[in-house]
């Protein structure tokens, strides 16, 4: 049970406090309700580029990292398709330093040309490192474009193409900042060796006078239901054929989400999962296979992906995957298997909650979902899932017309031996 | 709000310098099982989970044939006389537990993570794995096939190739720290070698146990029941001698992918183990050079030039011998410029005055991260394990802290003049 207090400043900033005096540290986590899904299709990658710029100095403080490090702290941030999250951890005695830094960059950035220029290059290198210079690195760009015709999950957080990042202008940066980086669009979580009254006083002092901004009204085009299977085949200089298949699934806050989450564990979670046992160990069609989903806030994708054993025809591999899914769609799972994936979920949650930093991040995330208390009640949602729920979820998700299949094939002329 | 003094946001709040903190390493409980196996335990943490690690002296330093130690480590979970790999996995999975194994140079571990309430149900199975693993033929064949495939994919990545090569240059291809598995290594694996390695280094090997988290009251009795009666060796076997055989040519350029858009850059020099008197001081110098986000390398090469997404330096954590490594991936066209900047930073550390402010930042950062790192039970036992395996005690920890607190700029300059010499470094770019 994670205890927390919650209050809202007059400018609309939501503040959560999680007190844990067993640690000498404090964590300050600021979540902004903006992600890659909020970008324009012609300026993708911007939310993530912007995250980099948040470290390039704010209106009153020339650099962010240095004073934090002087105070014995460290920090990082990440951007997803749904949100942007910044977190730092420092000795609790120096908590106010984090308030000073975080509030100043919520107030306003320095908007320096130099910082934009450098971070454009840094992000371009990040793009190359993770998506261009790795075998199969572009698979998800293709898959997203196939699976989403309309919704902005169509592109990855790094962006659709390098040129969008290279063309970012300081004007875009300013507009984005004042639209999204405001108290009404943010959630502040302070956790660790801290006290509610202390946090309230510091929050009032440092964040209280920041203009509230306008609540961002998200109005994204919904992805229309898919009515026909989609397929794509591409050939590249990779050593092995790879198989990717996705199905549209429910949004994070849908009641059906929990069953879908457990389905991915039955199929792809660990050494006793169905796909691994059947297709890697028994039939030896794949050298590795995974099943997972993105847990995205809008309707997301359930994924099966794997690399084929050399010499196996990809069509045969797909047929074998479908045969496993057919079992899920026609036969009730037994109680033992269902209990197994529920136990695993309980265990993962307990491990995640070990660190104060994770607890702070989770509180911010659940608050964004609508209620931080969900952090304490979600396990109950999983426990309620029945074998019948699993069956009907599989029947709903694993429909052929709901699927997107990508064959990522090895170029036979360039790749000889495995 | 009554009288509000105008907030001056340009002035930083007062801080307590982390360098003045009084850091304490939580003491570790020690037990000895009936057969002499040492157990180190940290009871801490609010969540009812634990981590239990068996460290065997079964790393690749002991193997007579390449790849045997790693294959034994991987396969010991894939079947016993009475259970298939699936049945073993299913039992751990059923209880939401994880059982992983890793093979290093001197040691190889088996590491359990799970809910404390399920520990008792699973310990007999771990016991079975370390006494009765059966190494089925089929499992070896699958392992060979899949590891070869994985290797083929990994060898397409410039960073993987660079990591392999730099270790070969530093130690030689036949040294445990320098050798890399190839397709031929996997083809050459055989069950007889694996089974005899298992018998000697696991079943009759030397093991130490490290456990942390929310510990059950009967932990010692449980460990004694399942592991205290087994025929483990009282001490590790002496390792065969492995002399270094470093490459003669220090500057290397390798083309792995003619169309690659980035190069993996590694600069590395040999550096002694943590028993060397300079090791603790050099850890501070390394932090300043490239050990954290505010380091000089990061500040210059990422935050000023934008050549890379990240650049780091680190001291390898081997038990016997080591190296000091600088590592980054940079745009193909700026690789040589990046190397030039690295050397410029080495020179600046040798010759330039180190400002008090910068040094204080490094010290505070280091102390703050140690404070944060001493927070969770798994981190605390990790520090203890490192001390125990290196044959050190807590005085090493406290000496390290004092070193951070006391070291001066001129001392760092002197160390830089001694170690950060351009000619001492291997220099590698893999495109």
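Chains as they are written, first to last, in our numbering: chain Y, 637 to 1054; chain P, 86 to 516. Where a beta carbon is used, it is the ideal one built from N, C-alpha and C, also for glycine.
Closer than 7 Å to chain P by CB, residue i
i, result
"residue 733 of chain Y", "yes"
"residue 624 of chain Y", "Look at the range of chain Y in this structure, 637 to 1054, and you will see that residue 624 of chain Y is not part of it."
"residue 730 of chain Y", "yes"
"residue 707 of chain Y", "yes"
"residue 1021 of chain Y", "no"
"residue 971 of chain Y", "no"
"residue 1056 of chain Y", "The shown model of chain Y, from 637 to 1054, leaves out residue 1056 of chain Y, and the question about it has no answer."
"residue 1052 of chain Y", "The predicted model places residue 1052 of chain Y with a pLDDT of 46, which falls under 50 and marks its position as unreliable, so this point remains unresolved."
"residue 776 of chain Y", "no"
"residue 740 of chain Y", "yes"
"residue 826 of chain Y", "no"
Bridge partner(s) assigned by DSSP for residue i
i, result
"residue 721 of chain Y", "Y:667 and Y:714"
"residue 1045 of chain Y", "Y:871"
"residue 1040 of chain Y", "Y:866 and Y:882"
"residue 661 of chain Y", "Y:727"
"residue 357 of chain P", "P:406"
"residue 652 of chain Y", "Y:642 and Y:825"
"residue 527 of chain P", "Absent from the structure is residue 527 of chain P, since the part of chain P shown begins at 86 and ends at 516."
"residue 959 of chain Y", "The partner list for residue 959 of chain Y (beta bridge, DSSP) is empty, contrary to what the question assumes."
"residue 336 of chain P", "P:512"
"residue 187 of chain P", "P:194"
Test: residue i CB closer than 7 Å to a CB of chain Y
i, result
"residue 458 of chain P", "no"
"residue 371 of chain P", "no"
"residue 179 of chain P", "yes"
"residue 98 of chain P", "yes"
"residue 185 of chain P", "no"
"residue 422 of chain P", "no"
"residue 513 of chain P", "no"
"residue 107 of chain P", "no"
"residue 516 of chain P", "no"
"residue 87 of chain P", "Confidence at residue 87 of chain P is low in this model, with a pLDDT of 43, below 50, so the placement of that residue should be treated as unreliable; the coordinate-derived value is given next. Residue 87 of chain P does not count as touching chain Y."
"residue 317 of chain P", "no"
"residue 378 of chain P", "yes"
"residue 238 of chain P", "yes"
DSSP-derived helix/strand/coil call for residue i
i, result
"residue 637 of chain Y", "coil"
"residue 643 of chain Y", "strand"
"residue 863 of chain Y", "coil"
"residue 880 of chain Y", "strand"
"residue 248 of chain P", "helix"
"residue 235 of chain P", "helix"
"residue 198 of chain P", "strand"
"residue 1007 of chain Y", "coil"
"residue 503 of chain P", "helix"
"residue 927 of chain Y", "strand"
"residue 393 of chain P", "strand"
"residue 273 of chain P", "coil"
"residue 1026 of chain Y", "helix"
"residue 920 of chain Y", "coil"
Proximity test, residue i beta-carbon vs the ligand GDP heavy atom, cut-off 6 Å
i, result
"residue 472 of chain P", "No copy of the ligand GDP appears in this structure; indeed no ligand is present at all."
Against chain P: residues of the segment 785 to 817 of chain Y by CB proximity under 9 Å: Sequence-ordered contacts of the segment 785 to 817 of chain Y with chain P are nonexistent [C-beta pairs closer than 9 Å].
Closer than 7 Å, Cβ to Cβ, to anything on chain P: give me those residues from the segment 950 to 965 of chain Y, in chain order. Residues passing the 7 Å Cβ filter: none.
Whether or not the segment 920 to 927 of chain Y and the segment 982 to 1000 of chain Y are in contact is what I'm after, with contact meaning three or more pairs of Cβ atoms, one per stretch, closer than 8 Å; do they touch? Of all C-beta pairs linking the segment 982 to 1000 of chain Y to the segment 920 to 927 of chain Y, fewer than three are shorter than 8 Å, placing the two stretches out of contact.
Should the segment 434 to 444 of chain P be called in touch with the segment 507 to 514 of chain P, which here means at least 3 C-beta pairs below 8 Å? Fewer than three Cβ pairs drawn from the segment 434 to 444 of chain P and the segment 507 to 514 of chain P lie within less than 8 Å of each other, which leaves the two stretches out of contact.
Given a limit of 9 Å on CB to CB distance, which residues of the segment 648 to 671 of chain Y reach chain P? Residues are counted here when their Cβ sits less than 9 Å from a Cβ of chain P; for the segment 648 to 671 of chain Y these are 656, 658, 659, 660 and 661, given in chain order.
Given 8 Å as the limit, is there contact between the segment 161 to 179 of chain P and the segment 237 to 251 of chain P, that is, 3 or more CB pairs closer than that? The segment 161 to 179 of chain P makes no contact with the segment 237 to 251 of chain P; the number of CB pairs closer than 8 Å stays below 3.
Quick one, which residues of the segment 447 to 481 of chain P are near chain Y if we go by CB-CB under 7 Å, in chain order? Answer set for the segment 447 to 481 of chain P: 449, 450, 452, 453, 454, 456, 457, 460 and 461.
Against chain Y: residues of the segment 188 to 217 of chain P by CB proximity under 9 Å: Taking 9 Å as the Cβ-Cβ cut-off against chain Y, the residues of the segment 188 to 217 of chain P that qualify are 198, 199, 200 and 203.
Is the segment 144 to 153 of chain P touching the segment 298 to 316 of chain P in the sense that three or more CB pairs, one from each, lie closer than 8 Å? No, the segment 298 to 316 of chain P is not in contact with the segment 144 to 153 of chain P.
Taking 8 Å as the threshold, find out whether the segment 745 to 759 of chain Y comes into contact with the segment 791 to 805 of chain Y through three or more Cβ pairs. Because the criterion of three Cβ pairs below 8 Å is met, the segment 745 to 759 of chain Y and the segment 791 to 805 of chain Y touch.
Give me the subset of the segment 974 to 991 of chain Y whose CB atoms are less than 8 Å from a CB atom of chain P, sorted by chain position. Residues 975, 976, 979, 980, 981, 982, 983, 984, 986, 987, 989, 990 and 991.
Members of the segment 912 to 927 of chain Y near chain P, C-beta cut-off 8 Å: Residues 913, 916, 917, 920, 923 and 924.
Does the segment 448 to 468 of chain P come close enough to the segment 104 to 120 of chain P that 3 or more CB-CB pairs lie under 8 Å? In short, these stretches touch, since the Cβ pair count reaches three.
Contact between the segment 818 to 825 of chain Y and the segment 850 to 861 of chain Y: three or more CB pairs below 8 Å? Yes: at least three Cβ pairs fall under 8 Å.
Using Cβ-Cβ distances below 8 Å, what residues of the segment 672 to 701 of chain Y are close to chain P? Per Cβ criterion, the list reads 695, 696, 697 and 701.
Counting only Cβ-Cβ distances shorter than 8 Å, please list the residues of the segment 117 to 143 of chain P near chain Y, keeping chain order. Using a CB distance below 8 Å, the part of the segment 117 to 143 of chain P facing chain Y consists of 130, 131, 132, 133 and 134, ordered along the chain.
Touch test, the segment 257 to 271 of chain P against the segment 323 to 332 of chain P, Cβ-Cβ under 8 Å, three pairs minimum: With the cut-off at 8 Å, the segment 257 to 271 of chain P and the segment 323 to 332 of chain P touch.
Three or more C-beta pairs closer than 8 Å, one from the segment 760 to 779 of chain Y and one from the segment 854 to 862 of chain Y: is that the case here? They do not touch, by the three-pair rule.
Below 8 Å between beta carbons is the criterion; list the residues of the segment 386 to 404 of chain P that meet it against any residue of chain Y, in chain order. Within the segment 386 to 404 of chain P, the qualifying residues are 387, 388, 389, 390, 391, 392, 393 and 394.
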